[in-house]
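In our numbering, the protein residues as written are 6 to 576.
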């Protein structure tokens, strides 16, 4: 075997790259002369010892100069070694050699790393393309996703989100309301492990995401609520879910999806048995969508949770959902709140819970269910042995409706209901007495809106959960904003992102959420209705100022009853 001293090695490199010879040889010799010279024996083999993690990889060296510098460092640190006399039994050397041989058992190291004679494992013969494309290689070999994200941001002209970069290696984190937009969604999709709710990625952003996630084997939850993806985005996500069998939770709430989009989603749910939880609240589903979901409930036995609240599912649509629920086997939780079931829908729901044995939680609050509708629900409960939670609050159930439901629970020996929610529903004293008895005899928690006095004709009472809020919506908003550290004028400036001195409903909703203020969509609608005096669908600066002045005037009048409103003077 040919011996290769340090000088010979440098001369070999200098021959190929002459313009570095003088500069490097001088600096190297000064270091070399300070150390004791050892002569390798013919028994040795010039094998490459493993480089510590702090050393640069070959791919990270982007120039010949950097390459030479790294080689010099390796030689000075004695990482390029031969076997020296008296050292052939050193445990460290033997282990390193064995580890190298295990990594390349066929004695065919990676391309460009060995001379034809096989004498030395060095990177002197590395392909120059590796140097020229070092950055590309770094991106391709990036295991964290950070370089990929920065690279796609640069290519698309998107400003990288520092929050995402900081948390990119976390197993799970949320990224709500960062205003990503379509291109931002495209950039973040490559290393996606996040919740991007409320970023308005729109349909194009959803299409980018779907393309990136089709073969993703790590993502298990996809939260895209409040992103305005529409039917096109819903279609792209649905088609992706036909290929991806790892995602078990999908949230597409508040995305402007109507019956057409619902049909595509339901078609996927009929075929995908991996998805367990689906959240589709605050969309625009009507009767046709309800019929599609009926077929899902009839045939899909893998779904565990489905949320269809805050849609436009009325009487016949409600009946269709109930028919599917009646024959369903497997669903544990269904949320149908804030629709319009009325009497017809509640009758169908009563039949469904009479036969269904797997449902554990049912939410039909805010559905205009009358007293007779409550009686149908009670009939279903009288034979049900699986339901554990029933939410039926904020419905005009009358005086007998709540009592009928509670009596059905009492008489059913196999009833498993442990939570009955009758929020915002007045009950009678007879109901309260029965409630006290049942809560002592069994595990049961009942919530209601209070006991009606004898002077109230509760048959005719309808309940408005926003009654107090409607009295003074602007004042309520100001108080909530104050708690969050905002003035009204600050809110307006913050919400008006495009600077046109107008705030649309969408801007209002997004601004409220970004500010972390606890205001529901219904409350926002009440506020918009109050502020939008010219009924153009937007709130302008003048309308806000007028509302603020009226609020101050009303407060002044409350504190000074004798104040003349017209002249704003005490009389």
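Note that the Cβ used here is the ideal one computed from N, Cα and C, for glycine as well. It should be emphasised that the depicted structure is a prediction, and the values quoted were computed from it without experimental measurement.
Inter-residue Cα distance where the pair is residue i and residue j
{"i": "residue 222", "j": "residue 451", "result": "44 Å"}
{"i": "residue 550", "j": "residue 491", "result": "16 Å"}
{"i": "residue 522", "j": "residue 417", "result": "44 Å"}
{"i": "residue 436", "j": "residue 443", "result": "11 Å"}
{"i": "residue 292", "j": "residue 228", "result": "26 Å"}
{"i": "residue 393", "j": "residue 260", "result": "31 Å"}
{"i": "residue 449", "j": "residue 360", "result": "22 Å"}
{"i": "residue 252", "j": "residue 558", "result": "55 Å"}
{"i": "residue 478", "j": "residue 488", "result": "15 Å"}
{"i": "residue 217", "j": "residue 407", "result": "51 Å"}
{"i": "residue 375", "j": "residue 343", "result": "15 Å"}
{"i": "residue 466", "j": "residue 403", "result": "Its pLDDT being 49, under 50, residue 466 is placed unreliably by the model, and the measurement read from it follows with that caveat. C-alpha separation (whole angstroms): 7 Å."}
{"i": "residue 51", "j": "residue 165", "result": "Any reading at residue 51 is ruled out, since the residue's pLDDT is 36, under 50, leaving its predicted position unreliable."}
{"i": "residue 457", "j": "residue 389", "result": "29 Å"}
{"i": "residue 534", "j": "residue 540", "result": "8 Å"}
{"i": "residue 387", "j": "residue 225", "result": "39 Å"}
{"i": "residue 263", "j": "residue 391", "result": "32 Å"}
{"i": "residue 162", "j": "residue 256", "result": "28 Å"}
{"i": "residue 350", "j": "residue 322", "result": "8 Å"}
{"i": "residue 258", "j": "residue 289", "result": "10 Å"}
{"i": "residue 362", "j": "residue 275", "result": "21 Å"}
{"i": "residue 59", "j": "residue 211", "result": "For residue 59, the predicted model reports a pLDDT of 38, less than 50, meaning its position is unreliable; a value from the coordinates is still stated below. Cα-Cα distance, rounded: 40 Å."}
{"i": "residue 454", "j": "residue 426", "result": "10 Å"}
{"i": "residue 28", "j": "residue 155", "result": "With a pLDDT of only 43 at residue 28, under 50, the local geometry of the prediction cannot be trusted, and no value is derived from it."}
{"i": "residue 330", "j": "residue 303", "result": "7 Å"}
{"i": "residue 476", "j": "residue 560", "result": "13 Å"}
{"i": "residue 300", "j": "residue 213", "result": "30 Å"}
{"i": "residue 505", "j": "residue 474", "result": "29 Å"}
{"i": "residue 441", "j": "residue 422", "result": "15 Å"}
{"i": "residue 347", "j": "residue 315", "result": "15 Å"}
{"i": "residue 278", "j": "residue 272", "result": "12 Å"}
{"i": "residue 201", "j": "residue 230", "result": "8 Å"}
Min CB distance residue i to chain C below 9 Å
{"i": "residue 492", "result": "Included in the structure is just one protein chain, with no chain C present."}
Range covered by the beta strand (DSSP E) that runs through residue i
{"i": "residue 283", "result": "282–284"}
{"i": "residue 339", "result": "338–340"}
{"i": "residue 231", "result": "Counting along the chain, residue 231 falls outside any beta strand (DSSP E), and DSSP gives it neither H nor E."}
The alpha helix (DSSP H) enclosing residue i, as first and last residue numbers
{"i": "residue 381", "result": "376–386"}
{"i": "residue 441", "result": "434–446"}
{"i": "residue 407", "result": "405–416"}
{"i": "residue 582", "result": "In the structure displayed, the chain extends from 6 to 576; residue 582 sits before or after that span and is not available."}
{"i": "residue 343", "result": "Careful: residue 343 lies outside any alpha helix (DSSP H) and carries neither H nor E."}
{"i": "residue 211", "result": "207–218"}
Counterpart residues of residue i in DSSP-defined beta bridges
{"i": "residue 396", "result": "368 and 426"}
{"i": "residue 453", "result": "427"}
{"i": "residue 226", "result": "254"}
Within 9 Å, strictly: CB atoms of residue i and residue j
{"i": "residue 432", "j": "residue 400", "result": "no"}
{"i": "residue 395", "j": "residue 412", "result": "no"}
{"i": "residue 384", "j": "residue 364", "result": "no"}
{"i": "residue 232", "j": "residue 204", "result": "yes"}
{"i": "residue 355", "j": "residue 382", "result": "yes"}
{"i": "residue 414", "j": "residue 397", "result": "no"}
{"i": "residue 333", "j": "residue 368", "result": "no"}
{"i": "residue 298", "j": "residue 280", "result": "no"}
{"i": "residue 352", "j": "residue 378", "result": "yes"}
{"i": "residue 220", "j": "residue 248", "result": "yes"}
{"i": "residue 326", "j": "residue 295", "result": "yes"}
{"i": "residue 556", "j": "residue 483", "result": "yes"}
{"i": "residue 207", "j": "residue 234", "result": "yes"}
Cβ-heavy atom distance, residue i to the ligand ZN, below 8 Å
{"i": "residue 394", "result": "In terms of ligand content, the structure shown is empty, and the ligand ZN therefore cannot be addressed."}
Checklist line | Whole runs of the alpha helix (DSSP H) within the segment 468–493, excluding any shorter than 4 residues | finding: List check, alpha helix (DSSP H) in window: 472–476 and 478–488.
Item checked: Start-end ranges of the beta strand (DSSP E) lying completely within the segment 269–324, minimum 3 residues -> Contiguous beta strand (DSSP E) elements confined to the segment 269–324 occur at 282–284 and 310–312, taking only those with 3 or more residues.
Notebook entry, point to check: Fully enclosed by the segment 498–557, which beta strand (DSSP E) runs are 3 residues long or longer?
Noted result: Scanning the segment 498–557 for uninterrupted beta strand (DSSP E) segments of 3 residues or longer gives 507–509 and 543–545, listed from N- to C-terminal end.
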